[in-house]
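Under the UniProt record's numbering, the letters of the sequence shown match residues 1 to 359, in that order. The next block holds one structure in the form of structure tokens; read it before the comments.
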Amino acid sequence: MQEEKQMERRKKIAVELSDLVVYCRPVPFSEDKIGTERACYRDMSSFPETKAEKLATHARGKRFLQYNRRQLSRVYPKGQRLDSSNYDPLPMWLCGSQLVALNFQTPDKPMQLNQALFMLGGGSGYVLQPDIMREDLFDPFDKNTLLVEPITIQLQVLGARHLPKNGRSIVCPFVEVEICGTDYDNCKCKTDVVADNGLNPVWVQKQFVFDIHNPTFSFLRFTVFEEDMFSDPNFLAHATYPVRLLRTGYRSVPLKNSYNEELELAALLVHIEIVNAKEEDDDNLYTSIQRLRDRTSELTTKVSLMERSGSADMSYQQSVEELRATQDQLSELVEARNLRLMEKKKKGKLRQQVAAKRS
Numbered sequence: 001m002q003e004e005k006q007m008e009r010r011k012k013i014a015v016e017l018s019d020l021v022v023y024c025r026p027v028p029f030s031e032d033k034i035g036t037e038r039a040c041y042r043d044m045s046s047f048p049e050t051k052a053e054k055l056a057t058h059a060r061g062k063r064f065l066q067y068n069r070r071q072l073s074r075v076y077p078k079g080q081r082l083d084s085s086n087y088d089p090l091p092m093w094l095c096g097s098q099l100v101a102l103n104f105q106t107p108d109k110p111m112q113l114n115q116a117l118f119m120l121g122g123g124s125g126y127v128l129q130p131d132i133m134r135e136d137l138f139d140p141f142d143k144n145t146l147l148v149e150p151i152t153i154q155l156q157v158l159g160a161r162h163l164p165k166n167g168r169s170i171v172c173p174f175v176e177v178e179i180c181g182t183d184y185d186n187c188k189c190k191t192d193v194v195a196d197n198g199l200n201p202v203w204v205q206k207q208f209v210f211d212i213h214n215p216t217f218s219f220l221r222f223t224v225f226e227e228d229m230f231s232d233p234n235f236l237a238h239a240t241y242p243v244r245l246l247r248t249g250y251r252s253v254p255l256k257n258s259y260n261e262e263l264e265l266a267a268l269l270v271h272i273e274i275v276n277a278k279e280e281d282d283d284n285l286y287t288s289i290q291r292l293r294d295r296t297s298e299l300t301t302k303v304s305l306m307e308r309s310g311s312a313d314m315s316y317q318q319s320v321e322e323l324r325a326t327q328d329q330l331s332e333l334v335e336a337r338n339l340r341l342m343e344k345k346k347k348g349k350l351r352q353q354v355a356a357k358r359s
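Take a look at the structure:
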């Protein structure tokens, strides 16, 4: 009787399919095996996004990265996403997850970041992890363990051409420039609105400065919006690139629609400079700005937690006042730094002109 049951079980396995399964073996995730001899490189575990988000945190991210150095992980959208929306894949990428599944039918920001990531591999379907992710010291959520030099991107959006229309004959465009990466690198700026010109809008020269601690895993994203009669933004086009692929100078940036398809003739004209943050700037000023940014982040989290708990005591008021004062100090220092960078740029151009005349 036992032999018959074993024969039935064997018959349920298709030998032809079984012979193809030579690389990975699906197993339940066991955190106890991480870093031990029991962790087998052939074992792969699957995680719904809710479970992966609990692992890809400040407290557990380094541990999850350690798991992904030895084994494979597959992350997929939770079943409650009936509208086929997507989760943010960046925390999972930062922790080394090799297979981060998204709803490809949805043209949203996560999918656009996904397309940008695979530019690094030439669209081949595989991207090698940065070297720093294989270092034992590295913690994706601790900027003091990155082992890479921070950079500063100085960027100007100068103009655009042939922007698509959004149901209206004339659009009023503006551009949002964003750094997407770890929390300490995320930053967003935007241009002014140009009234009634989608053919060849021009923006007043305004320099955006982005300090990036982890350039190996950050993305620069341009999003073009149209402001309607109610001052609400409507998406027109985007362009998203890994910071590692950026080139300096005057650049024409081809624009794409939400499905990442190129829009004929549509482009932005931008000027980009990339410098070593500490060499280009006064080290004391740079350090002060970073310290104020860290304090602003801490106070914002603290005030948010107090508001959720319904706290309105003296401690809450003091935290709010300190947050406002810190934000004001940060704005002043950033403005001073931007002016200093602009002065250095002008002096550099002047030196080049003098040298050209002498030659």
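Beta carbons: idealized from backbone N, C-alpha and C, even for Gly. These figures come from a predicted structure and were not determined experimentally.
CB contact flag (residue i, residue j, <8 Å)
i	j	result
L163	V243	no
Q66	M44	no
V100	V127	no
V175	T191	yes
C172	D196	yes
T248	E273	yes
R161	L120	no
S288	L333	yes
F222	V253	yes
P110	Y87	yes
A116	F219	yes
N166	E226	yes
N338	Q207	yes
Residue i burial status per 10 Å Cβ neighbour count (16 or more: buried)
i	result
A237	buried
M92	buried
Q154	buried
N214	buried
V209	buried
F47	buried
F138	buried
E178	buried
P140	buried
R38	exposed
K250	Looking at the sequence provided, one finds Tyr at residue 250 rather than Lys. Burial call: exposed.
D211	buried
R308	exposed
R134	exposed
A356	exposed
F217	buried
T36	exposed
Other residues of its chain near residue i: CB distance less than 7 Å, five sequence neighbours each side excluded
i	result
Q112	H238, T240 and N260
Q129	G96
N276	E149 and I151
S169	none
N186	I179 and C180
F64	L55, A56 and C95
K302	S319
Close-in-space but distant-in-sequence residues of the same chain around residue i (CB under 6 Å, 5 per side omitted)
i	result
residue 439	The first residue shown for the chain is 1 and the last is 359, placing residue 439 beyond what the model contains.
T50	K78
M306	Y316
C189	V177 and F208
Nonlocal neighbours in the same chain, by C-beta distance under 8 Å from residue i, ignoring five residues either side
i	result
F118	S124, G125 and V127
A267	A160, R161, H162, S252, V253, P254 and L255
L292	T326, Q329, L330 and L333
Inter-residue CB distance, residue i and residue j (contact presumed, cutoff 8 Å)
i	j	result
P89	N68	At roughly 14 Å, the Cβ-Cβ gap does not stay under 8 Å, so P89 and N68 are not in contact.
H271	Q352	That belief does not hold up - the Cβ atoms of H271 and Q352 are roughly 15 Å apart, past 8 Å.
M73	N103	Going by the sequence as given, residue 73 is Ser instead of Met. About 19 Å separates the two Cβ atoms, so there is no contact after all.
The ligand FMN heavy atom lying under 7 Å from the CB of residue i
i	result
Q329	Ligands displayed in this structure: none; no statement on the ligand FMN is therefore possible.
Sequence ranges, alpha helix (DSSP H) only - wholly within the segment 245-303, length at least 4: 277-280
Complete beta strand (DSSP E) runs within the UniProt domain "C2" (133-257) (minimum length 3 residues, chain order): 151-161, 173-180, 187-190, 207-212, 219-227, 233-242 and 249-256
Those runs of the alpha helix (DSSP H) which lie wholly inside the segment 46-86 and span at least 4 residues: Runs of the alpha helix (DSSP H) inside the segment 46-86: 49-55 and 61-70.
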